[in-house]
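Student:
In this note's numbering, the protein residues as written are 3 to 216.
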């Protein structure tokens with residue numbers, strides 16, 4: 003069991019993914035100051051019904067602070083990376099304005115049947131197409147890494163998906179890389195087609211319909 007500062011928030015952080023956060027509440031400003039003076043790690047997990055800590059057994063992801071942009075009024079923009087998944091067990095007494103909790107680290111179960119290499123390659127290709135379409139829509143070109151194995155690949159692509167919170171949380175909670183690969187292979191063809199269609203419209207709009215960017 004491990005003790006971890008906790009940040010309940012309705013976002014899903016996947017292992018290996020980067021996530022920007024805006025820190026403005028005083029209690030989380032203090033959390034950021036404290037973890038920055040220590041190991042720079044805290045737990046991101048869904049909030050409970052009242053906005054505080056969720057029920058025991060809820061899964062979250064350890065966040066590692068990678069960059070901080072401080073503002074004169076005390077707010078901060080930060081970037082965190084997803085590290086280990088954890089299961090929240092119980093709250094711990096804390097003298098801080100933010101919560102602390104006892105957690106246990108969670109890994110995938112061994113899969114009886116691993117994904118075929120052809121399925122992984124198909125997933126990687128669709129993920130790369132989806133990422134390129136998103137980059138076009140956002141007028142950026144990001145250097146992305148999708149990882150080598152089924153676990154890393156599935157989380158990297160899951161982090162890109164413009165899905166509602168509940169669907170993303172279910173993927174985080176899945177402890178089978180094969181299950182995640184199957185889910186993504188089922189969902190991605192329609193998502194890729196839609197993203198590429200929107201990216202084409204975006205490029206046409208930028209070029210004023212003449213193929214030359216405005």
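Where a beta carbon is used, it is the ideal one built from N, C-alpha and C, also for glycine.
What are the boundary residues of the beta strand (DSSP E) that includes residue 10?
Tutor: What you label residue 10 is simply residue 8 of the chain shown in a count that begins at 1. Residue 10 -> beta strand (DSSP E) spans 4-10.
Student: Ignoring anything shorter than 4 residues, give me the alpha helix (DSSP H) runs that lie fully in the stretch 119-172, in order along the chain.
Tutor: List check, alpha helix (DSSP H) in window: 119-139 and 152-160.
Student: In the DSSP assignment, find the beta strand (DSSP E) that holds residue 77 and state where it starts and stops.
Tutor: Taking the first residue of the chain shown as 1, we reach residue 77 at position 75. First-last for residue 77: undefined, no H or E at that position.
Student: Label residue 64 either buried or exposed according to how many other C-beta atoms from any shown protein chain fall within 10 Å of its C-beta, with 16 as the threshold for buried.
Tutor: Working through the chain shown from its first residue, we reach residue 64 at position 62. Buried, because 16 or more other Cβ atoms sit within 10 Å of the Cβ of residue 64.
Student: For residue 103, which residues of its own chain have a beta-carbon under 8 Å away from its beta-carbon, when the five flanking residues on both sides are left out?
Tutor: On the chain shown, position 101 is the one that residue 103 refers to. Result list for residue 103: 5, 6, 8, 45, 55, 90, 91, 92, 93 and 94, in chain order.
Student: Can you give me the start and stop residues for the beta strand (DSSP E) that residue 37 sits inside?
Tutor: Within the chain shown, numbered from 1, the residue matching residue 37 stands at position 35. Note, residue 37: premise wrong, no beta strand (DSSP E); alpha helix (DSSP H) at 28-38.
Student: Please classify residue 181: does DSSP put it in a helix, a strand, or coil?
Tutor: As a working mapping, residue 181 is identified with position 179 in the chain shown. Looking at residue 181 - three-state DSSP - the assignment turns out to be helix.
Student: If the criterion is Cβ atoms closer than 9 Å, does the pair residue 108 and residue 87 meet it?
Tutor: As a working mapping, residue 108 is identified with position 106 in the chain shown. As a working mapping, residue 87 is identified with position 85 in the chain shown. Going by C-beta atoms, residue 108 is nearer than 9 Å to residue 87.
Student: Grouping DSSP H, G and I as helix and E and B as strand, with all else coil, what is residue 216?
Tutor: Taking the chain shown and counting its residues from 1, one reaches residue 216 at position 214. Residue placement at residue 216 is poorly supported in this model, since its pLDDT is 45, which falls under 50; the coordinates still yield a value, given next. If DSSP states are grouped into helix, strand and coil, residue 216 belongs with coil.
Student: Relative to the C-alpha of residue 182, which residue among 31, 160 and 201 is closest?
Tutor: Numbered from its first residue, the chain shown carries residue 182 at position 180. Ranking the options by Cα distance to residue 182, first place goes to 160.
Student: Who are residue 88's beta bridge partners in DSSP?
Tutor: Locating residue 88 in the chain shown gives position 86, counting from the first residue. Beta-bridge pairing links residue 88 to 62 and 107.
Student: Do residue 148 and residue 124 come within 9 Å of each other at the CB atom, strictly closer than that value?
Tutor: Position 122 of the chain shown, counted from the first residue, corresponds to residue 124. Position 146 of the chain shown, counted from the first residue, corresponds to residue 148. No.
Student: Just tell me which of 19, 151 and 172 has its CA closest to the CA of residue 145.
Tutor: Reading the chain shown from its first residue, position 143 is the one you call residue 145. Ranking 19, 151 and 172 by Cα distance to residue 145 puts 19 first.
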